[in-house]
Each structure stands twice: as structure tokens, then as C-alpha cells.
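Peer 1: For the protein sequence lines, the chains are A and B, in the order given. Position one of the first sequence corresponds to residue 1 (the numbering used here), numbered consecutively onward. Position one of the second sequence corresponds to residue 1001 (the numbering used here), numbered consecutively onward. The structure under discussion is supplied below as C-alpha cells; questions concerning it will follow.
Protein chains: 2
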Amino acid sequence: MTTMSDVAAAAGVSVMTVSNVLNDRPKVGPDTRLRVLEAVDRLGYEVNLTAKRLRSGRTDTIGLVVPRFDHPYFGELAAKLAVALAATGRHLSVEQSNASPEGELEALSQARIATYDAVLLSVVGLHYDDVDRLRTTKPVVLLGEQEMPPRFDHLQLDNETGACAATRHLIDGGSRRLLMTGGGDEGFPSMSTMRTVGFERALREAGLQGAVLPLIRYEPTDARAAVAERLRQDPTIDGIFAITDQVAVGVLAGVRDAGLRVPDDVQVVGFDNLAFGEHIDPGLTTIDPNHDWVVERVIDLIDRRIAGEQLAPQHLTSPARLVPRGSTRS
Amino acid sequence: MTTMSDVAAAAGVSVMTVSNVLNDRPKVGPDTRLRVLEAVDRLGYEVNLTAKRLRSGRTDTIGLVVPRFDHPYFGELAAKLAVALAATGRHLSVEQSNASPEGELEALSQARIATYDAVLLSVVGLHYDDVDRLRTTKPVVLLGEQEMPPRFDHLQLDNETGACAATRHLIDGGSRRLLMTGGGDEGFPSMSTMRTVGFERALREAGLQGAVLPLIRYEPTDARAAVAERLRQDPTIDGIFAITDQVAVGVLAGVRDAGLRVPDDVQVVGFDNLAFGEHIDPGLTTIDPNHDWVVERVIDLIDRRIAGEQLAPQHLTSPARLVPRGSTRS
DNA sequence: CCAGATCGGTATATCGTTATACCGGGCTGA
DNA sequence: TCAGCCCGGTATAACGATATACCGATCTGG
């Protein structure tokens, strides 16, 4: 490995001068700068980021910890974050929190967090205590709907309002016998609980009754089977609010399995606005989680925290917006 | 920040003893070990990974560089890699290569690569020269179909055989007027070129003719419009090989837009076996890229390289397998 | 009973940068 | 003319861990 001293020797200057040139610091004459750059080029030198990080205490890298890589929701969020961070010369590095089968949550160790300037932690599927254990020097921003220690900055979706809007949209489109697929009150304000609350509020306001069909896992396969089964028992259901778009995909298939048509017999609305929803048939009506808003707020927050600004823990809620497509009539 | 010296002082031992305890090295008595662990616990100490990395030269972290986070293909691969690496106590960190609008490919700098023990580089969308410029100390394994400097280890899919199998499957199902959506000979053995070659080989072997409909971007929206348009011009087309599952989603929509039915009027087959293909209607027949095989080979390779084993650059090709579903008849 | 091995533990140098303090010389201004 | 200032540049000490060599005591064997 060629180091800064090699370059310094080759250019006949001190290491500090090399460092100064490479970091565009003042105090270096134009001719010296050229000599150094030439040496850098000739030796193919590149800085050792690990050493730089140790000494400077900064990494110019933000960590994003997600429960799983293969969920499109996080992929879409990560892509937008990466672009926004790149605009200010920083990098995004994504890690998975539950990779080890024992669920050891190593990505949550304070040691790993300290290797970033800040960490965005998706708390979906994490427990209050897992997060409460964190004693960290670096800023941590929580993302997602789960009750978490209030000392952290925390961004959530407006799940209740979104779910309420989704349900109202079903009612406006003529549905009267509604089913929510996935969800149920989990006893704390989780994503599931809040969306269920929104669903029930819309029902109440319209003077209707509805049912909730709980699911163990919010995946298409489970949802498909459960919905088909339920529709066979109760073919009068004419509107389904799926707790996520992933579930909605299963719901669409389940409705078909039961021999019914979307949206003619049953309207379906999802939640998350994943990219594929636009392209399937019928297009999936859904609630948009406003990733752009989240990205903007998150970056503003970490910038201020990294700058050392003292402000009370921020608990922000992103507005949610209905995206009507072919799976509803409206 | 509490450091190792703080712990050493608190336990009344030297820093090396603390280090020895924390790394399970021998040469430390049982009582001393307890004293140290107690101090670690009391002070809430965790090692500084940056310092550890600088001194030891190892990071226990593997980098995966993908062109974009929001493509499900990479998400699914990353998830499997993360789990496999966790089994041996290592971590996976995912970066996006083209986050900056200027396409500066910073993730490809030798400096960033050096922050990992090894890097898996998805070369989709990269140019030969971008990769050829890399002078790196750490092992780099290329993933994906693109002609690249032979001095690197390189894993690819068997695109030609897969595409041929897909096309043959269409023919077996009764299609005679075939269209490939996306693809075309790019003049070098890219994913696009090789899948096109496979398509044409199957046609030739069956004594059929077919057409290729090139696409600028392999995304559903573009594919949908292009296919609908093409089917209106030529309604006799009765089988479509979509170059990727993402494209296939658009193709399915485009076929519907043209007033035709899948698979009755037009059979469709994709490539990549993305998770959603199982759940849409009709289920998408596709070619499975064998991620498990790739993960196994990749890990074996980097383990040997990290261990310093000298072996010629490995160029491996993963077998591809047909997954028949409802979008084809057979 | 003593040489040599073993055990528990430590002092010191080092990884490759950046922060800090400092230094000599040419200018400026009174 | 000389005090003081800026300019270009350097020497040295960290950052927080690990590798290496070494050391004194206790154990073992002939």
C-alpha cells in the first residue's frame, strides 16, 4: 500500500502538505500543489479512509439499518436517500438488522453505529427494549411505526389518517361490507394498530360495520389464502383495505381465487405505494407514504444533529396521500 | 467516549489485557477476566471499530455495490448474502454505485473498497473502463453480465441457456409468432446480447422467425407502451419473451391494453424470478437466476481470496432454471 | 536442586491520517 | 527602519486499538 508519506517523499514535501493539498486546505503554493498532485497521480495514491476516520472522527457516511433488504419499501426509500445524501458529498450504507438467525441485532450495537456520522434506524419489527438499550454518541433517527423511547428523533407515517382516507375511498366507491386484511390492535401504537384505528374511524363516521382479518405475516402468500377463504365464507364483502401493498397483491389474487372481480365485485386499496402497484392489473389504489418528505426531513435533522445543534427530540408525522387507480371504482 | 484505557484503569490492568479479554485471547487468568468484564459492563464500553480496523487491517465487513437500491433483484440477492455472511460472523454493507447525478461512481474508488475485506460489485450498467481502472488490494468479485476485465473473479448467469429455455417453453406451449421485448445485440456479450442470442437460437432450432423489440430502459412503463403499440400493429404475435421480470410486468399490462389475454392469446415469460411474479395474475413464468448458487460460490471465493490463496481469476456461470406459472400454457 | 518451559501479564511501537503549534522570510505601514 | 503580519510550510502529537517482544513467577523434569 502506498501511503501519504510515500507521496510526501516523492514530492519532496512533508505529509501535512500532501494532506493539505488533498483536502483543498489553504497554505499551499501553486507550484507545490502541482508537484504533490503529480506525485499522487504517479503513485496511484488514494487516502486510507479508515485512518482518516479515526483521526478526524467523521466518516461522511450515513447508515441505514433496515429489517430486510428484500422488501421493496426500503429499497425505494434507500434509493432516494442515497441520491439526496450524494448531493452533499455523503454516502449511504445499508445494513440489515436481522441477518443472523439468532436475531442478535448486531447492527444495533453502539460500536457499529459509531462507524457512521448518523444512523437511520427502521424500527419495524424491533422491540422497545432493543432500542432503549442503545447508548450512542452519534445521532440516531428512528423511522417507522412502533412505539419507541421518546428520547430519539422519530419519523412516522400518518397511518391513521392514511388508513381512514383509504377506507373512506372504498365507501365513496360504493362498498358497504368492508374487510381489513392484516391489522388488528396490537396493544401499542404500532403500524398495525394505527391503520386499524383509521379503518375503524372511517367506518364509524359512515355508520358502517366492518371486520378485521388478522395475518401472521404481511406477505402475499398468506394474504391470498386467507382472503380467498374468507370470501368463500362471506361472499357479500365488497371492499377490502389491505394493510400493505404486499398484502394487497395477495388480496387481489385471493379475490380472483374466490371467483370475484376487482373492482366490480370487490374494491381493493393498499398502503405504501410500492412501484409495482402502478403496473399490475388492475392498478392498485394505495396510500403514498411520502418518501420525498421523509428524506427531506431526515436529512435536515441529521444535518442539525451532526452540527451539534441542541434541540428536543423531534417526533414528526408524514402526511399520507391517496393514489387512486383501477382497483377501486370511485 | 470511553476507551480501552478507561476500562484498563478501572480494572487495574493494562490495555493489552483488556484487549485480550475482549478478543478471547489466551494469557489471561480467570479472576482478571472477571474484573475486566465487570469494568467493561460498568462503563458501558464498546470497542472503536475504526481504530480496530486501522490497526488490524480487517473489517469483517463485505461490501456489495449495486447500481440501484430500488431494484428487487438486488434486494433479494443482498438478503441472501447477508444471512450467509452472518453465519460466519461477518456483515454485509450495501452501497449504490450511481447515487450522484454526475455518475461519479465514487463507490468504485479504491479508497472505499479498501474499507471492506472484499467487495462484490454488480457490473450491470458499468463500463469496461470504469472497472478496468480499479487498482485494488482487496478482493473484488464481479457479478452480472457485462464484458469485464478478465483479471477479476466474475460470476454470471447462464443467460443464453436461460433465454433459450424460456423461448423453447413458449414454442412448446404453441406460440409460433414470437417477440422478444427488450434485448438486442449490443455488440459485446452483455446480459441483453446473451439473452437475445438464446432467444434466437431457440427460434432457429425450431425453424421459426421472431422479432426483437428493443427498449431504452428495462422498466414496466416503457415496456407497457411499446408492447401495446406493437401488438396493435401486429396482432398475430402469440408469444413474448420479456428480457426481465420488470419488463414482463409491463408486457402483461401492454397485452391487456391491446385487448388480448394472457396466456390464451399471448404467452409471456420473464427472466429473474422476482418474488412478486408468483403473486400477480396470471403468475409469471420466468427463469430463476439461482441466487443460492451465486451466494454459495461468492462466499467460497472471497473466503479463499481473503485467506490469501493464490488462484487464477475464476469465471463462473450459474445454471438457470425455468419456473412455469400461469402466464404460459404448456 | 537447577535448567527450561509455561503462564499471566505488561511496555512499547505502530497502523495512516489530521490538529495544533510553530517557524522563517518577505511585506506592509508608521 | 523596524514591529508586526501574512504566507507557505513543517514537526510532532494525537486518534484508539493490536502486534510484538519481553518479563517475572511458578511449575516440571532429570
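Ideal placement from N, C-alpha and C gives every residue a C-beta, glycine not left out.
Do you know whose CA, among G270(A), A320(A) and F188(A), lies nearest G250(A)'s CA?
Peer 2: As a first step, residue 250(A) must be located in the first sequence, where it is residue number 250. When only C-alpha atoms are compared, the closest one is G270(A).
Peer 1: Can you give me the C-alpha to C-alpha distance between D60(A) and T50(A), rounded to a whole angstrom?
Peer 2: Sequence index remark: in the first sequence, residue 60(A) carries index 60 (1-based). Sequence index remark: in the first sequence, residue 50(A) carries index 50 (1-based). Spanning the two alpha carbons is a distance of roughly 12 Å.
Peer 1: Show which residues of chain A have a CB atom less than 8 Å away from the CB atom of R1053(B).
Peer 2: As a first step, residue 1053(B) is located in the second sequence; it is residue number 53 there, counting from the start. Here the neighbours are T50.
Peer 1: In three-state DSSP terms, what is H1279(B)?
Peer 2: In the second sequence, the residue the question calls residue 1279(B) occupies position 279. Coil, per DSSP.
Peer 1: Tell me which same chain residues have a C-beta within less than 8 Å of the C-beta of A118(A), skipping the five on either side of it?
Peer 2: Here residue 118(A) is taken as the residue at index 118 of the first sequence, counted from 1. Result list for A118(A): I62, G63, K138, P139, V140, V141, I302, R305 and I306, in chain order.
Peer 1: Would you tell me roughly how many angstroms separate the C-alpha atoms of P1324(B) and R151(A), rounded to the nearest one?
Peer 2: Locating residue 1324(B) in the second sequence gives position 324, where the first residue counts as 1. Locating residue 151(A) in the first sequence gives position 151, where the first residue counts as 1. Distance between the alpha carbons of P1324(B) and R151(A): 51 Å.
Peer 1: Classify A242(A) as helix, strand or coil using the three-state DSSP reduction.
Peer 2: For the purposes of this step, residue 242(A) is identified with residue 242 of the first sequence, where counting begins at 1. Reduced to three states, the DSSP call for A242(A) is strand.
Peer 1: Can you look up Q156(A) in the DSSP assignment and give me helix, strand or coil?
Peer 2: In the first sequence, counting from the first residue as 1, residue 156(A) sits at position 156. Correct three-state label for Q156(A): strand.
Peer 1: Could you list which residues in chain A have their beta carbon closer than 9 Å to that of R1195(B), in chain order?
Peer 2: Sequence index remark: in the second sequence, residue 1195(B) carries index 195 (1-based). Within chain A, no residue comes near R1195(B); the closest Cβ sits about 21 Å away, beyond 9 Å.
Peer 1: Does F1271(B) come within less than 9 Å of chain A when only Cβ atoms are used?
Peer 2: Reading the second sequence from its first residue, position 271 is the one you call residue 1271(B). No, F1271(B) does not count as interfacial toward chain A.
Peer 1: Is there contact here, the segment 1165-1174 of chain B with the segment 1233-1253 of chain B, by at least three beta-carbon pairs under 8 Å?
Peer 2: They touch, by the three-pair rule.
Peer 1: Using C-beta distances below 7 Å, list every residue in its chain close to Q246(A), excluding the 5 sequence neighbours before and after it, in chain order.
Peer 2: What you label residue 246(A) is simply residue 246 of the first sequence in a count that begins at 1. The residues are Y218, E219 and P220.
Peer 1: Hey, out of H91(A), V94(A), S93(A) and V131(A), whose CA is closest to S109(A)'s CA?
Peer 2: The sequence position of residue 109(A) within the first sequence is 109, counting from 1. Nearest option by C-alpha distance: V131(A).
Peer 1: Excluding the 5 residues preceding and the 5 following A275(A) in the sequence, name in chain order all residues of the same chain whose CB lies nearer than 8 Å to its CB.
Peer 2: To locate residue 275(A), count along the first sequence from 1; it is residue 275. Excluding sequence neighbours, A275(A) sits near P72 and E76.
Peer 1: Which residues share a DSSP beta bridge with H1315(B)?
Peer 2: Residue numbering aside, residue 1315(B) sits at position 315 when the second sequence is read from its first letter. Per DSSP, H1154(B).
Peer 1: Would a check of beta-carbon distances place L92(A) closer than 9 Å to chain B?
Peer 2: Residue numbering aside, residue 92(A) sits at position 92 when the first sequence is read from its first letter. So, interface residue.
Peer 1: What in chain A is Cβ-close to M1001(B), meaning under 7 Å?
Peer 2: Taking the first residue of the second sequence as position 1, residue 1001(B) is located at position 1. Residues of chain A passing the Cβ test: T137.
Peer 1: Could you list which residues in chain B have their beta carbon closer than 9 Å to that of L252(A), in chain order?
Peer 2: By 1-based counting over the first sequence, the position of residue 252(A) is 252. Here the neighbours are H1279, I1280 and D1281.
Peer 1: Can you tell me where the beta strand (DSSP E) holding T1286(B) begins and where it ends?
Peer 2: Residue numbering aside, residue 1286(B) sits at position 286 when the second sequence is read from its first letter. Where T1286(B) is concerned, the enclosing beta strand (DSSP E) stretches over T1286 to D1288.
Peer 1: Which bits of chain A does Q1353(B) rub up against, with CB to CB less than 9 Å?
Peer 2: Residue 1353(B) lies beyond the range of chain B shown here (1001 to 1330); nothing can be said about it.
Peer 1: As a quick exercise: from L34(A), N23(A) and L54(A), pick the residue whose alpha carbon is nearest that of E46(A).
Peer 2: For the purposes of this step, residue 46(A) is taken as residue 46 along the first sequence, with counting starting at 1. When only C-alpha atoms are compared, the closest one is N23(A).
Peer 1: Which residues of chain B have a Cβ atom closer than 9 Å to the Cβ of R325(A), listed in chain order?
Peer 2: Position 325 of the first sequence, counting from 1, holds the residue named residue 325(A). Here the premise fails: no neighbours, minimum Cβ distance about 12 Å.
Peer 1: Taking 9 Å as the threshold (beta carbon to beta carbon), is H1315(B) in contact with chain A?
Peer 2: Along the second sequence, one-based indexing puts residue 1315(B) at 315. No - not a single Cβ of chain A is within 9 Å of the one on H1315(B).
Peer 1: Buried or exposed: which applies to S192(A), given that a residue is buried once 16 or more other Cβ atoms fall within 10 Å of its Cβ?
Peer 2: The count along the first sequence starts at 1 and reaches residue 192(A) at position 192. It counts as buried.
Peer 1: Rounded to whole angstroms, what's the CA-CA distance from L1231(B) to P1289(B)? Just pull it up for me.
Peer 2: Position 231 of the second sequence, counted from the first residue, corresponds to residue 1231(B). Position 289 of the second sequence, counted from the first residue, corresponds to residue 1289(B). So the alpha carbons of these two residues sit roughly 29 Å apart.
Peer 1: For T285(A), collect the residues of the same chain with a Cβ closer than 6 Å to its Cβ; drop the 5 residues on either side in sequence, then sort them by chain order.
Peer 2: To locate residue 285(A), count along the first sequence from 1; it is residue 285. Hits under 6 Å: V269, P324, R325, S327 and T328.
Peer 1: If we ignore side chains and look at the alpha-carbon of each, how far apart do G1057(B) and L43(A) end up?
Peer 2: Translated into the one-based positions of the second sequence, residue 1057(B) becomes position 57. Translated into the one-based positions of the first sequence, residue 43(A) becomes position 43. Distance between the alpha carbons of G1057(B) and L43(A): 21 Å.
Peer 1: Please classify L1352(B): is it buried, with 16 or more other beta-carbons within 10 angstroms of its beta-carbon, or exposed?
Peer 2: Not covered by the structure: residue 1352(B). The range shown for chain B is 1001 to 1330.
Peer 1: Taking the Cβ atom as the reference point for each residue, do V1212(B) and A1258(B) lie within a distance shorter than 9 Å?
Peer 2: The residue labelled residue 1212(B) in the question sits at position 212 within the second sequence. The residue labelled residue 1258(B) in the question sits at position 258 within the second sequence. No, they are not a contact pair.
Peer 1: So D234(A) and D265(A) are in contact, right, with Cβ under 8 Å, and what is the actual spacing, rounded?
Peer 2: Against the first sequence, residue 234(A) aligns to sequence position 234. Against the first sequence, residue 265(A) aligns to sequence position 265. 13 Å between Cβ atoms; not a contact.
Peer 1: How about D1153(B) and H1315(B): do their beta carbons lie closer than 9 Å?
Peer 2: As a first step, residue 1153(B) is located in the second sequence; it is residue number 153 there, counting from the start. As a first step, residue 1315(B) is located in the second sequence; it is residue number 315 there, counting from the start. Against a cut-off of 9 Å, the Cβ pair of H1315(B) and D1153(B) comes out as a contact.
Peer 1: Spatial neighbours of S1190(B) within its chain, please: C-beta separation below 8 Å, excluding the five flanking residues on both sides.
Peer 2: Indexing the second sequence from 1 puts residue 1190(B) at position 190. Once the five neighbours on either side are set aside, the close Cβ partners of S1190(B) are E1145, Q1146 and E1147.
Peer 1: Once the 5 residues before and after R1297(B) are set aside, which same chain residues still bring their CB inside 8 Å of it?
Peer 2: As a first step, residue 1297(B) must be located in the second sequence, where it is residue number 297. L1155, L1316 and S1318.
Peer 1: Going by the beta-carbon positions, is the gap between R68(A) and A1086(B) smaller than 9 Å?
Peer 2: By one-based count along the first sequence, residue 68(A) stands at place 68. By one-based count along the second sequence, residue 1086(B) stands at place 86. The answer is no: Cβ separation not under 9 Å.
Peer 1: Relative to the C-alpha of A84(A), which residue among T136(A), V294(A) and M1(A) is closest?
Peer 2: Taking the first sequence and counting its residues from 1, one reaches residue 84(A) at position 84. Of the listed residues, the one whose Cα sits closest to A84(A) is V294(A).
Peer 1: Is the Cβ of D1070(B) closer than 9 Å to any Cβ of chain A?
Peer 2: Along the second sequence, one-based indexing puts residue 1070(B) at 70. For D1070(B), the answer is yes, since a Cβ of chain A falls inside 9 Å of its Cβ.
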